[in-house]
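Down below is the structure, laid out as structure tokens.
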Amino acid sequence: MSLFSSHSAHQGVLSVTVVEGRKLHSEDLAGQNDSYVELWLNEDYKQRTGEIKSDNNPVWNETFTFNIEEGSSLHKLHLKVLDKDFVGKDKIGEAKLNISEAFNGNPVDEWVNLPAHLGLTSHGEIHIYAQFTPN
Numbered sequence: 073m074s075l076f077s078s079h080s081a082h083q084g085v086l087s088v089t090v091v092e093g094r095k096l097h098s099e100d101l102a103g104q105n106d107s108y109v110e111l112w113l114n115e116d117y118k119q120r121t122g123e124i125k126s127d128n129n130p131v132w133n134e135t136f137t138f139n140i141e142e143g144s145s146l147h148k149l150h151l152k153v154l155d156k157d158f159v160g161k162d163k164i165g166e167a168k169l170n171i172s173e174a175f176n177g178n179p180v181d182e183w184v185n186l187p188a189h190l191g192l193t194s195h196g197e198i199h200i201y202a203q204f205t206p207n
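Residue numbers (the numbering used here): 73 to 207.
The structure is reproduced here in structure tokens:
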């Protein structure tokens with residue numbers, strides 16, 4: 073068995089559910105976040121949740137699918153949590169989640185910490201569920 077055999081995926085579909093967030097750092101001086109999540113395996117194909125208005129503990133419960141090619145080595149799910157403003161957006165936090173276990177048949181069900189600058193404090197957490205279905 074090759075050292076790298078567990079790191080390449082079979083062809084199939086990765087389903088990722090952005091379940092909810094908790095204790096999201098408020099980016100607005102006058103209240104709660106209007107938050108949404110961008111997620112991607114590859115910069116060329118980003119997906120995003122809808123906005124949840126005025127809530128620092130939002131529940132999205134939205135599922136996204138990613139087609140995985142045979143032999144893919146994309147095993148990090150990138151997450152960026154943003155606060156939609158009247159003009160523009162503010163970044164609440166971002167993180168990467170290792171989803172290798174999903175490709176081995178074990179669903180990934182985790183709260184992902186959004187570290188603040190230098191990782192000394194937290195800007196909240198996002199609950200992610202990822203499952204891979206081979207073709």
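The beta-carbon is built from N, C-alpha and C at its ideal position, and this holds for glycine as well.
Separation of the CB atoms of LEU96 and SER107 is rounded to 6 Å, and the pair is thereby assigned contact status at 8 Å. Taking C-beta separations shorter than 6 Å and ignoring five residues to either side along the sequence, the partners of PRO206 in its chain run HIS82, GLY84, following chain order.
Counting only the Cα atoms, GLN104 lies some 25 Å from LYS118. Assigned with DSSP and collapsed to three states, ALA188 falls in coil, not helix or strand. GLY160 counts as exposed, since fewer than 16 other beta carbons sit within 10 angstroms of its beta carbon.
The residue from ASN170, SER98, TRP112, LYS125 with its alpha-carbon nearest to that of THR137 is TRP112. Within the same chain, Cβ atoms closer than 7 Å to the Cβ of ALA174 are found at LEU86, VAL180, ALA202, GLN203, PHE204, the five residues on either side in sequence being excluded.
Taking 9 Å as the cut-off, the beta carbon of GLY165 is found no closer than this to the beta carbon of PRO130.
Taking a contact as a CB-CB distance under 8 Å, the pair LEU169 and ILE200 counts as one, their CB atoms being some 6 Å apart.
Counting along the chain, ALA174 sits inside the alpha helix (DSSP H) bounded by residues 172-175.
Exclusion of the five residues before and after SER98 leaves GLN104, ASN105, ASN128 as the residues of its chain whose Cβ lies within less than 7 Å of its Cβ.
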